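Everything on this sheet refers to the single structure shown next.
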Amino acid sequence: MAGIANCRVCGSAQVEQFFDLGGQPLANALVRDASVSDPVYPLSLSFCRECSLVQLDHTADPGELFSHYVWVTSTSSTARAYAEDFCERLLARLGPEQGGYVLEIASNDGTFLKPFLRRGVDCLGVDPAANIVDMAKADGVPTRCGFFGAELAQDVVAGRGPARAVFARNVLPHVAGTNDFVAGLKVAAGAGGLVAIEFHYAKTILEELHYDSIYHEHLCYFTLKSLTRLLNAHGIFPFDLEESPISGGSLVLFSRTSPPLESEKSARLKAFEAAEEQSGANDLAAWQRFAQVSFEHRGALLALLEAEARAGRRVVGYGASARSSTMLNFCSVGPGLIAAIADQNPMKHDLFSPSTHIPIQAPELVMASKPDTVVILAWNFFAEIVGILRQRFGFTGRIIMPLPHPPRAMGMEEASNV
Ligand SMILES: [Zn+2]
Numbered sequence: 492m493a494g495i496a497n498c499r500v501c502g503s504a505q506v507e508q509f510f511d512l513g514g515q516p517l518a519n520a521l522v523r524d525a526s527v528s529d530p531v532y533p534l535s536l537s538f539c540r541e542c543s544l545v546q547l548d549h550t551a552d553p554g555e556l557f558s559h560y561v562w563v564t565s566t567s568s569t570a571r572a573y574a575e576d577f578c579e580r581l582l583a584r585l586g587p588e589q590g591g592y593v594l595e596i597a598s599n600d601g602t603f604l605k606p607f608l609r610r611g612v613d614c615l616g617v618d619p620a621a622n623i624v625d626m627a628k629a630d631g632v633p634t635r636c637g638f639f640g641a642e643l644a645q646d647v648v649a650g651r652g653p654a655r656a657v658f659a660r661n662v663l664p665h666v667a668g669t670n671d672f673v674a675g676l677k678v679a680a681g682a683g684g685l686v687a688i689e690f691h692y693a694k695t696i697l698e699e700l701h702y703d704s705i706y707h708e709h710l711c712y713f714t715l716k717s718l719t720r721l722l723n724a725h726g727i728f729p730f731d732l733e734e735s736p737i738s739g740g741s742l743v744l745f746s747r748t749s750p751p752l753e754s755e756k757s758a759r760l761k762a763f764e765a766a767e768e769q770s771g772a773n774d775l776a777a778w779q780r781f782a783q784v785s786f787e788h789r790g791a792l793l794a795l796l797e798a799e800a801r802a803g804r805r806v807v808g809y810g811a812s813a814r815s816s817t818m819l820n821f822c823s824v825g826p827g828l829i830a831a832i833a834d835q836n837p838m839k840h841d842l843f844s845p846s847t848h849i850p851i852q853a854p855e856l857v858m859a860s861k862p863d864t865v866v867i868l869a870w871n872f873f874a875e876i877v878g879i880l881r882q883r884f885g886f887t888g889r890i891i892m893p894l895p896h897p898p899r900a901m902g903m904e905e906a907s908n909v
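Shown next as structure tokens:
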């Protein structure tokens with residue numbers, strides 16, 4: 492399929508397609524009726540030689556993507572624990588002055604604002620999914636329903652002034668109007684405000700073969716270089732970063748809307764920038780190798796699952812995440828190889844994985860079917876899920892860890908020590 496004509500961030504025509512994953516369904520569009528084949532859309536990546544941004548070629552309709560988003564942040568205990576850490580890290584960079592409020596973009600069910608509210612800090616969330624906004628409000632988190640951009644930011648600021656801090660976790664890479672979104676961050680944070688952006692780091696995607704993080708919602712795959720260039724163009728200046736325990740390789744980049752002195756840039760940020768330049772994450776050749784190894788991973792994972800099937804083992808999956816959708820579709824794994832997927836989110840139960848149509852059920856139901864092997868599809872929560880399998884279900888069978896590459900089968904004892 493054809494690549495994108497112009498870079499979605501800098502507008503350059505120097506973009507080259509390097510990875511075609513074929514037609515894929517929307518990764519969060521879980522299916523009610525497995526007898527109907529769901530629509531697929533092109534899924535391929537290009538590299539911009541001008542700003543080194545890795546990006547999707549095809550933009551799916553954002554209304555279709557987000558209005559019925561079923562991922563609820565607080566279903567993961569790892570996410571709830573991280574929300575506390577995140578709050579402390581952000582407050583540590585805010586300085587001693589009091590007052591003002593903290594604004595979260597794409598605040599989901601309010602999990603990441605609650606720690607601020609508990610510390611007496613005023614908050615506002617913005618999220619486009621009406622059903623999840625209602626849940627957040629019912630839970631006491633002030634939340635506004637809408638798609639964030641410069642216009643919404645101006646409206647918020649007109650009502651209550653600029654925020655002391657604005658944060659956006661795993662949302663910037665998902666928005667089609669990237670420049671309008673960043674312009675909105677600048678407006679919302681006013682002069683001298685703090686901006687924290689969490690994003691799945693392209694260098695980690697490259698080095699650990701996270702091709703399963705490629706799906707239609709995820710339009711941009713930022714390095715520090717490509718993100719800094721975008722932020723600078725809108726008057727936002729990075730000065731520090733932290734590694735996030737979520738998503739197996741995300742960064743939180745802290746910036747201000749006033750230009751920092753070179754001495755204010757942290758040693759950690761400088762070290763990451765230097766390592767990134769060495770890694771090839773800003774070079775097309777490294778991404779072409781990434782595509783090639785992803786095809787090798789597909790062969791290796793299929794060989795593992797086919798060996799389980801030949802041995803007569805019952806195989807189930809754990810974690811019906813968006814990322815699992817890409818992997819299952821890219822590898823053409825259906826109910827013949829993975830009989831069911833366990834997921835803790837009740838909103839996903841009795842639905843089927845997009846296109847591959849594997850039934851999604853409560854973990855209790857899936858584990859009651861006495862599986863021999865569990866594939867940890869949400870492998871970025873590997874330790875948490877292995878702990879649940881051991882403690883809640885007394886599972887002693889085989890575990891398949893699909894990523895990092897190469898995929899591996901192991902016993903529970905080994906899995907407990909990963
Ligand atoms: Zn570009």
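In the working numbering, the protein residues as written are 492 to 909.
Built from N, CA and C at the ideal position, the CB exists for glycine as well.
These figures come from a predicted structure and were not determined experimentally.
> Can you tell me where the beta strand (DSSP E) with E595 in it begins and where it stops?
Replying inline: 592-596
> Taking contact to mean at least 3 C-beta pairs separated by less than 8 Å, is the segment 782-799 in contact with the segment 698-709?
Replying inline: yes
>> Once the 5 residues before and after V806 are set aside, which same chain residues still bring their CB inside 6 Å of it?
In response: E799, I829, T864
> When you compare each of A776, G902, A762 to R881 by their alpha carbons, which one comes out closest?
Replying inline: G902
>> Give me the residue from F639, G650, G652 with the minimum Cα distance to L663.
In response: F639
> Comparing the CB of V666 with every heavy atom of ligand 1, is any distance shorter than 7 Å?
Replying inline: no
> Considering only C-alpha positions, which residue in the set A574, G790, L585, A597 is nearest to L819?
Replying inline: G790
> Smallest Cα separation from H665: which of V632, C711, L643, A627?
Replying inline: C711
> Is it buried or exposed for A574, if we count other Cβ within 10 angstroms and need 16 for buried?
Replying inline: buried
>> Quick check: does the Cβ of C501 come within less than 7 Å of any heavy atom belonging to ligand 1?
In response: yes
>> Looking at the secondary structure, which residues open and close the alpha helix (DSSP H) in which L760 lies?
In response: 758-770
> Taking contact to mean at least 3 C-beta pairs separated by less than 8 Å, is the segment 541-549 in contact with the segment 850-857?
Replying inline: no
> Going by the C-beta, is L544 closer than 7 Å to any heavy atom of ligand 1?
Replying inline: yes
> Taking Cβ positions, are P897 and I891 nearer each other than 8 Å?
Replying inline: no
>> Which residue marks the beginning of the alpha helix (DSSP H) containing C578, and which one marks its end?
In response: 568-583
>> I need the straight-line Cα distance from K694 to I832, nearest angstrom please.
In response: 30 Å
>> Please state the DSSP three-state secondary structure of S785.
In response: helix
>> Going by DSSP, what residue range makes up the beta strand (DSSP E) through E733?
In response: 728-735
> Are L722 and S741 close, meaning C-beta to C-beta below 8 Å?
Replying inline: no
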